[in-house]
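Undergrad: This is the structure I have questions about; it appears just below.
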Amino acid sequence: MALINKDTVSNKMSGRILKNKIAKVIFFIATIIGLLFLGALAYRILTQGLGSLDMDFLTGFTSQSPDRAGIKAGVIGSLWLMSVTAPVTLIIGVATAIYLEEYAKRGKFTRFIQINLQNLAGVPSIVFGLLGLTIFVYIFNTGEIVLAGGLTLGLLVLPVIVVAAQESIRSVPNELREASYGMGATKWQTVRRIVLPAAIPGILTGGILALSRAIGETAPLLLVGAATAIFTLPSGIFDPYTAMPIQIYSWTKAPQPEFEYVASAGIIVLLVILLLLNSIAVFIRNKFSKRL
Amino acid sequence: MVSSKNKQDGLSVSERIEKNKQSNSSTAFVEKLVPKLLLLCATLSVLVTLGILYTLLSETFTFFNEVSVIEFFTSTHWNPWRDSYGILSLISGTLLITVTAMIIAIPLGVASAIFLSEYASDKVRRMLKPILEVLAGIPTVVYGFFALTFVTPMLDKIIPGLSFFNALSAGIVVGIMIVPMVASLTEDAMGAVPNVLREGAMALGATRLETTVKVVIPAALSGIVASFALAMSRAIGETMIVAIAAGATPKFSFDPTQSIQTMTGYIVQVSTGDVSYGSTIYYSIYAVGTTLFVFTLIMNLLAQYISRRFREEY
């Protein structure tokens with residue numbers, strides 16, 4: 001008695017193989033749609049924006065008339081913001097990660113901090129804007145200055161840095177720590193001289209990615225009062241400011257249709273800066289990833 | 001060496017021991033201090049959460065001193081400039097965007113994940129994945145601009161009667177924005193399914209599609225569903241795309257071709273307008289913010305619960 005009827009199997013088989021092939025094509029097309037969207041976006045923005053992108057645009061302030069508007073205040077403002085965000089979030093984020101990975105006992109408290117960070121990462125950015133508005137702008141009465149915006153962005157990207165730093169610290173092999181203890185080093189000496197140097201590429205990569213997220217953020221800055229039109233550059237962290245995404249937003253909202261081209265040019269500048277930051281991150285990752 | 005150095009120092013043995021003790025005690029001091037400082041930093045993240053809760057709740061209470069809670073949650077009219085606060089119209093706008101976004105993001109995200117995890121060769125995957133990640137790194141203000149100036153005009157040709165600001169275009173673009181998130185989380189979940197299961201299915205004669213649909217996806221289901229919940233939370237909280245492309249006319253309707261307003265859109269509208277500190281409208285953004293926060297928190301907790309509770313361990 002034949003348990004398997006070869007004819008039935010081969011009859012059904014061709015249909016099943018065909019289904020598999022069709023499904024593969026469908027899955028491929030679905031993957032490509034995202035890329036097509038990206039391509040359309042890049043093409044559209046380049047064709048619209050390149051015409052307006054010249055030295056006058058890079059070195060001018062924004063203006064009522066589309067052909068004189070520039071993004072200088074936005075670029076400088078974003079740099080000032082990062083000068084607050086970067087050190088604050090890096091120091092606090094890395095310290096948190098060191099504590100959680102090297103010092104904390106695996107217990108309820110550590111788990112609580114971890115879950116808290118996880119949920120904090122899921123809080124919409126605009127809610128951080130409300131936090132910054134109340135705590136910094138009104139309670140500490142800073143007013144609408146770089147410091148308030150930078151700190152708000154710092155708190156927003158804190159979970160990103162902590163997670164990156166934790167992963168990086170965790171991936172340092174335990175033999176290095178044990179060898180250091182074996183030589184008589186204390187815990188902090190081991191962390192400072194062995195663990196951190198080994199983990200620094202991962203931490204830097206995570207830090208740069210977090211900063212590039214912060215540079216692109218618009219919503220929280222709208223709440224803590226980045227100005228849309230400003231004609232002086234901030235000369236310190238206690239000055240009023242604007243930022244690149246804020247300027248792009250205000251041009252998008254402007255009534256004259258010609259501002260579409262100005263907004264595109266602004267987007268090109270923003271994306272180029274993000275691209276640079278990300279390339280640095282990739283460079284660091286590739287350069288140091290094979291050391292250990 | 002050591003003895004000659006001792007002589008150079010000109011210290012007796014007892015003096016050296018004394019000196020050693022001193023440096024040891026300063027090392028010990030640092031050793032005790034550092035964990036405390038680090039703990040302080042770690043606690044800050046908890047303080048941020050408490051700060052958010054305090055900010056939202058205290059200002060929301062002030063708001064409800066002036067506006068009835070029942071009106072807020074049951075009325076469908078939202079016009080703060082005429083003192084009518086019925087958040088249902090903002091919630092319906094948010095849901096409209098979220099549902100549209102999920103209709104785009106779930107099929108595209110899962111299909112991309114299946115392709116990358118089950119079908120693509122290593123080389124293709126290494127090429128496609130970074131490009132998808134670029135999609136996740138683009139600032140939302142750029143997406144908003146693109147929705148308004150490219151997607152809306154395109155949809156306008158297909159759909160007659162589409163208003164200039166509409167939920168459909170914003171929803172589609174929010175969907176595209178969260179595709180990478182769904183795709184990478186789903187791919188992670190599918191990657192965690194042990195190869196033994198795949199090989200078993202294939203050895204029994206299953207095609208790749210049958211293996212994926214009948215073995216891999218059921219095994220990875222908790223992670224996949226959790227990624228949907230996280231993506232929904234992102235869509236609910238998305239701000240700039242809807243503020244730019246979805247309009248600013250709150251209405252209780254589920255017609256995606258019309259201009260609507262979401263909770264996030266309202267907060268942006270107020271914060272960019274001339275609203276004085278301490279007015280009812282000022283407090284209303286906190287009430288809306290609290291509602292938004294509760295929605296996203298529920299989705300986040302749901303995601304964590306699903307991935308913990310229903311995880312298949314191998």
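Residue numbers (UniProt numbering), protein chains in the order written: chain A, 1 to 292; chain B, 1 to 314. Positions of the beta carbon are idealized from the N, C-alpha and C atoms, including for glycine.
#1: Among the candidates B:Thr207, B:Val270, B:Pro153, whose CA atom is the shortest distance from the CA of Met13 (chain A)?
#2: Are the C-beta atoms of Cys41 (chain B) and some chain A residue less than 8 Å apart?
#3: Excluding the 5 residues flanking Leu276 (chain A) on each side, which residues of the same chain have their C-beta closer than 8 Å to its C-beta?
#4: Quick one, which of A:Leu155, A:Asp7, A:Leu53, A:Ala42 has its alpha-carbon nearest Gly266 (chain A)'s?
#5: Report the option in B:Leu197, B:Glu238, B:Thr290 whose CA atom is closest to the CA atom of Met177 (chain B).
#6: Between which residues of its own chain and Pro197 (chain A) is the CB-CB distance below 7 Å, once the five residues before and five after are set aside?
#7: Cβ closer than 9 Å: which chain B residues qualify as neighbours of Leu196 (chain A)?
#8: Measuring CB to CB, does Ala147 (chain B) end up less than 8 Å from Ile260 (chain B)?
#9: What are the residues in the stretch 181 to 194 of chain A lying within 7 Å of chain B by C-beta distance?
#10: Along the chain, where does the alpha helix (DSSP H) containing Gly191 (chain B) start, and where does it finish?
#11: Of all the options B:Met190, B:Gly191, B:Val216, B:Ala189, which has the alpha carbon lying nearest to the alpha carbon of Met202 (chain B)?
#12: Could you tell me if Trp188 (chain A) is buried or exposed, where buried requires 16 or more neighbouring beta carbons within 10 angstroms of its beta carbon?
#13: With a cut-off of 8 Å, do at least 3 Cβ pairs link the stretch 236 to 248 of chain A to the stretch 163 to 172 of chain A?
#14: Is it a yes or a no for the stretch 21 to 38 of chain A touching the stretch 111 to 129 of chain B, going by three-plus beta-carbon pairs under 8 Å?
#15: Which class does Asn5 (chain A) belong to by DSSP, given the choice of helix, strand or coil?
#16: How big is the Cα-Cα spacing for Phe150 (chain B) and Tyr143 (chain B)?
#17: I need the boundaries of the alpha helix (DSSP H) containing Leu204 (chain A), first residue and last residue.
#18: Mind listing the chain B neighbours of Thr218 (chain A)? Cutoff is C-beta to C-beta under 8 Å, in chain order.
#19: Could you tell me the alpha carbon to alpha carbon distance between Ala97 (chain A) and Ile76 (chain A), rounded to whole angstroms?
#20: Starting from Asn141 (chain A), trace the alpha helix (DSSP H) both ways and give me its first and last residue.
#21: Suppose you measure from the CA of Tyr43 (chain A) to the CA of Asp122 (chain B); what does that come to, to the nearest Å?
#22: State the DSSP-derived secondary structure class of Tyr85 (chain B), mapped to helix, strand or coil.
#23: Which of the residues in the stretch 131 to 160 of chain A, read from start to end, lie with their CB under 8 Å from any CB of chain B?
#24: Could you pull the start and end residues of the alpha helix (DSSP H) that Lys129 (chain B) belongs to?
TA: This is what the structure gives:
#1: Locating residue 13 (chain A) in the first sequence gives position 13, where the first residue counts as 1. If we check each option's Cα against that of Met13 (chain A), B:Thr207 comes out closest.
#2: In the second sequence, residue 41 (chain B) corresponds to position 41, counting from 1. True, the Cβ-Cβ gap to chain A drops below 8 Å.
#3: In the first sequence, the residue the question calls residue 276 (chain A) occupies position 276. Contacts found: none.
#4: For the purposes of this step, residue 266 (chain A) is taken as the residue at position 266 of the first sequence. Nearest option by C-alpha distance: A:Leu53.
#5: Within the second sequence, residue 177 (chain B) is the residue found at index 177, counting from 1. The option with the nearest alpha carbon to Met177 (chain B) is B:Glu238.
#6: Taking the first sequence and counting its residues from 1, the one referred to as residue 197 (chain A) is at position 197. The answer is none, since no qualifying residue turns up.
#7: Counted from its first residue, the first sequence places residue 196 (chain A) at position 196. Those within 9 Å of Leu196 (chain A) in chain B number zero; the least Cβ separation is about 12 Å.
#8: Working through the second sequence from its first residue, we reach residue 147 (chain B) at position 147. Working through the second sequence from its first residue, we reach residue 260 (chain B) at position 260. No, these two residues do not count as a Cβ contact at 8 Å.
#9: Thr186, Lys187, Trp188
#10: The residue given as residue 191 (chain B) occupies position 191 in the second sequence. Run containing Gly191 (chain B): 167 to 191, per the alpha helix (DSSP H) assignment.
#11: Taking the first residue of the second sequence as position 1, residue 202 (chain B) is located at position 202. Of B:Met190, B:Gly191, B:Val216, B:Ala189, the residue nearest in Cα terms is B:Val216.
#12: Taking the first sequence and counting its residues from 1, the one referred to as residue 188 (chain A) is at position 188. Buried: at least 16 other Cβ atoms inside 10 Å.
#13: no
#14: yes
#15: As a first step, residue 5 (chain A) is located in the first sequence; it is residue number 5 there, counting from the start. DSSP places Asn5 (chain A) in coil when its eight states are reduced to three.
#16: As a first step, residue 150 (chain B) must be located in the second sequence, where it is residue number 150. As a first step, residue 143 (chain B) must be located in the second sequence, where it is residue number 143. Looking at the two C-alpha atoms, the distance is approximately 10 Å.
#17: Indexing the first sequence from 1 puts residue 204 (chain A) at position 204. Note, Leu204 (chain A): alpha helix (DSSP H), 196 to 216.
#18: Taking the first sequence and counting its residues from 1, the one referred to as residue 218 (chain A) is at position 218. The contacting residues are Pro139, Thr140, Val141, Thr239, Met240.
#19: Within the first sequence, the letter at position 97 stands for residue 97 (chain A). Within the first sequence, the letter at position 76 stands for residue 76 (chain A). Going by the C-alpha atoms only, they are around 31 Å apart.
#20: Stepping through the first sequence from its first residue, residue 141 (chain A) is reached at position 141. Where Asn141 (chain A) is concerned, there is no enclosing alpha helix (DSSP H), given that its DSSP letter is neither H nor E.
#21: Within the first sequence, residue 43 (chain A) is the residue found at index 43, counting from 1. Within the second sequence, residue 122 (chain B) is the residue found at index 122, counting from 1. Going by the C-alpha atoms only, they are around 28 Å apart.
#22: As a working note, residue 85 (chain B) is residue 85 in the second sequence. Three-state DSSP puts Tyr85 (chain B) in a strand.
#23: Leu131, Leu133, Thr134, Ile135, Tyr138, Leu155, Leu158, Pro159
#24: The residue you call residue 129 (chain B) lines up with position 129 of the second sequence. Counting along the chain, the alpha helix (DSSP H) containing Lys129 (chain B) begins and ends at 122 to 137.
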